[in-house]
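I have placed the structure first, in the form of structure tokens, so that the comments after it can refer back to it.
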Amino acid sequence: ALDQLGRVAQMLERDFPEVSFGFDFCELRGYNYHTGLVFAAYVPGHGDAVAKGGRYDAIGSDFGRARPATGFSLDIRALVALGKRSLNRSCAVWAPAQNDAVLEKMISKLRITETVVRALPEDNGVDPATRGCDRELVKQGDRWVVQTLG
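Here it is as structure tokens:
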């Protein structure tokens, strides 16, 4: 079992180097339908798991077709609350709803390293700060530049 866990840990570290993983050898949720690895997802600063799941080796066997699967459940209320909390911290770039090829290229370039909130056509006049943005794309001449709000 420890060898299998070691292989899983190596795979996770290889595929998701920016994510911290921990292994709890005392995790006993009591769900008898999990037949392999169980997992939980946590968000820093939030004490409870926002998602829980596990491995099922013979799901569907009661219906004549056993097959392996992985399933999970989400705590929607916690995710909504966390989403509201993260929106209160402005850290995104507001992009206007304009049909402009230069703007599209700039948005694509920014999305490599930044969060870009794209306005909808009906968002004309919306304060970007209410959408979690601290900067905005502004057209200067024939190019788009990022400016700090306010």
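Quick note on the numbering used here: the sequence shown kicks off at 666 and runs consecutively. Idealized CB from N, CA, C, for every residue including glycine.
Shown here, valine 767 sits in a helix according to DSSP, grouped into three states.
The alpha-carbon separation between glycine 806 and asparagine 789 amounts to approximately 21 Å. Separation of the CB atoms of glycine 718 and phenylalanine 737 is rounded to 3 Å, and the pair is thereby assigned contact status at 8 Å.
DSSP, read as helix, strand or coil, puts glycine 748 in helix. Sequence-distant partners of proline 733 (beyond 5 residues in either direction) whose C-beta falls short of 6 Å from its own C-beta, in its chain, are Asp722. With fewer than three CB-CB distances shorter than 8 Å, the stretch 739 to 750 does not count as touching the stretch 778 to 789. Counting only residues of its own chain and dropping the five nearest sequence neighbours on each side, phenylalanine 688 has a CB closer than 8 Å to the CB of Leu670, Ala674. For arginine 776, the three-state secondary structure derived from DSSP is coil. Counted as a single uninterrupted DSSP element, the stretch harbouring aspartate 689 is not any beta strand (DSSP E), since DSSP gives it neither H nor E.
Pairing valine 758 with valine 791 gives a Cβ-Cβ distance that is not under 7 Å. The alpha-carbon of leucine 775 is positioned some 10 Å away from that of valine 811. Leucine 670 sits in a helix when the DSSP states are folded into three classes.
Arginine 800 sits buried, since 16 or more C-beta atoms from the chains shown fall within 10 Å of its C-beta.
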